[in-house]
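Shown next as structure tokens:
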């Protein structure tokens, strides 16, 4: 089992560009999350989903969109990239206990 | 408003000694607490958890203590090993066992274990 897979690992975007961060899990979990981690800060929840077709905002949703058409996939969309979105993004999924995280996507917006 | 606080950004200990990482929380609705370990360029990995019905949970060299009245938990690592050097995140949730509720994370404590 791969667990949680995120692509790409690294990306540099210009201001105003758009991109989609991909997240796939093969654990058949209903719950999926997107977090961002800024330097010296903890993980902040951007969006989460409790199952296919259901998404909800987290603590810092502005500038992002998500969709959940299948149990496995939970892509995160940035429509108009801004320097404030420079961060490391982590996708996670939970079963009945702890959360399992992907390896992260390091995004730089210049 | 930080609901989960890790007030020590860094901690340095000697190999073989005890490492104590602290975490405080403000939300009395939290009932499940977790510790995650994170190496550079990797995602966080689960280490140990504790439910609010317990005050201690032990797993090998790792023990988590919960003091509900003080809204405080701590992670003890003994003996500490150089491979324990990482950033440790405290997380809390209010709901069923941290699985179906949103986790709130602290800012992390960077532990360095010196040989």
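Chains as they are written, first to last, in our numbering: chain A, 1 to 110; chain B, 1001 to 1115.
Just so you know, even glycine gets a beta-carbon here, dropped at the ideal spot from N, CA and C.
Coil, strand or helix - residue 26(A) by DSSP
In the three-state reduction of the DSSP assignment, residue 26(A) falls in the coil class, being assigned neither a helical nor a strand state.
Closer than 8 Å is the cut-off here; do at least three beta carbon pairs connect the segment 1015-1033 of chain B with the segment 1071-1080 of chain B?
Taking 8 Å as the limit for Cβ pairs, the verdict is that the segment 1071-1080 of chain B does touch the segment 1015-1033 of chain B.
From the DSSP output, in three-state form, read off residue 1084(B) for me.
Here residue 1084(B) sits in helix by DSSP.
What does residue 99(A) touch in chain B if you count any residue whose Cβ is under 9 Å from its own?
Within chain B, 1034, 1036, 1044, 1046, 1091, 1098, 1099 and 1103 have C-beta atoms less than 9 Å from the C-beta of residue 99(A), given in sequence order.
Run the CB neighbour count on residue 1026(B), radius 10 Å, all protein chains shown included, and call it buried at 16 or more, exposed below.
Around the beta carbon of residue 1026(B), fewer than 16 other beta carbons sit within 10 angstroms, so the residue counts as exposed.
Any chain A beta carbon closer than 8 Å to residue 1106(B):
Closer than 8 Å to the CB of residue 1106(B) there is at least one CB belonging to chain A.
For chain B, is any of its Cβ atoms less than 8 Å away from the one on residue 19(A)?
Between residue 19(A) and chain B, the shortest Cβ-Cβ separation is not below 8 Å.
Of the residues 36(A), 35(A) and 49(A), which one's Cα is nearest the Cα of residue 95(A)?
Cα-wise, what sits closest to residue 95(A) is 49(A).
Strictly below 8 Å CB to CB, what residues from chain B border residue 51(A)?
Within chain B, no residue has its CB atom less than 8 Å from the CB of residue 51(A), the nearest being about 10 Å off.
Within 9 Å of chain B by C-beta, residues of the segment 27-47 of chain A in sequence order:
Cβ contacts with chain B: 29, 30, 31, 33, 35, 37, 40, 41, 42, 43, 44 and 45.
Length of the line joining the Cα atoms of residue 64(A) and residue 1006(B)
Each residue's alpha carbon lies about 28 Å from the other.
With a floor of 3 residues, list each beta strand (DSSP E) that falls wholly inside the segment 1043-1069 of chain B, ordered by position along the chain.
Assignment of beta strand (DSSP E) within the segment 1043-1069 of chain B, counting only whole runs of 3 or more residues, yields 1045-1051, 1056-1059 and 1062-1067 in chain order.
Could you tell me which chain B residues have their CB closer than 9 Å to the CB of residue 74(A), listed as they occur along the chain?
Within 9 Å Cβ-Cβ: nothing; residue 74(A) doesn't reach chain B, min ~15 Å.
Kindly indicate if chain B contains any beta-carbon less than 8 Å away from that of residue 13(A).
Output row for residue 13(A): interface = no.
Span of the beta strand (DSSP E) holding residue 6(A)?
The continuous beta strand (DSSP E) containing residue 6(A) extends over residues 4-7.
For residue 62(A), which option in 5(A), 73(A) and 77(A) has the closest C-alpha, if you only look at C-alpha atoms?
Minimum Cα distance to residue 62(A) is reached at 77(A).
Have a look at residue 1115(B) and residue 16(A) and give me their C-alpha separation to the nearest angstrom.
Using only the alpha carbons, I get a separation of about 47 Å.
Is the segment 97-108 of chain A touching the segment 1038-1046 of chain B in the sense that three or more CB pairs, one from each, lie closer than 8 Å?
Counting C-beta pairs with one atom in each stretch, the segment 1038-1046 of chain B and the segment 97-108 of chain A have three or more that are closer than 8 Å, which means they touch.
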